[in-house]
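Down below is the structure, laid out as structure tokens.
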Amino acid sequence: MYGEYTCLDCGKTFDDPKRWEERHGLDSPPYEDFSGCPYCGGAYTRTILCDACGEPIVGDYVKIQTTGDCYCDECFMMKSLGEDDS
Ligand SMILES: [Zn+2]
Ligand SMILES: [Zn+2]
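Each residue of the sequence shown is one higher than the one before, counting from 5 in this note's numbering.
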């Protein structure tokens with residue numbers, strides 16, 4: 005099972021983003037709150053699973069308007085090529 009979020013940098017999935025404070029060397033609040041990937045600290049997004057291969061999609065994906073299915077670039081290419089063959 006995949007986590008709710010996917011890291012855009014390292015591609016791992018996780019349920020709980022890491023949160024931390026940036027104090028800018030100050031002794032008292034307000035501090036800035038950040039959140040990011042617990043593995044690399046990178047930006048993350050909600051996990052979208054490819055309906056063809058079942059893998060989490062990092063980056064671009066294609067949503068098929070007629071069915072509402074989401075495909076990763078790779079599967080969409082294969083699907084397009086397959087349709088070209090027929
Ligand atoms: Zn990461
Ligand atoms: Zn796929």
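Beta carbons are placed, not taken as given, at the ideal position from N, Cα and C, and that holds for glycine.
### 3 or more residues per run - each beta strand (DSSP E) lying fully within the stretch 5-62
9-11, 22-26, 36-40 and 48-50
### Message
Let's test the definition: count the other Cβ atoms within 10 Å of the Cβ of THR70 and tell me whether it reaches 16, buried, or not, exposed.
### Response
exposed
### Task
Can you give me the Cβ contacts of CYS11 inside the same chain, cut-off strictly under 6 Å, excluding the 5 residues immediately before and after it?
CYS41, GLY46 and TYR48
### Message
I'd like to confirm the pairing. Which residues does DSSP put opposite CYS2 in its beta bridges?
### Response
Because the chain in this structure spans residues 5 to 90, residue 2 falls outside the shown range and cannot be described.
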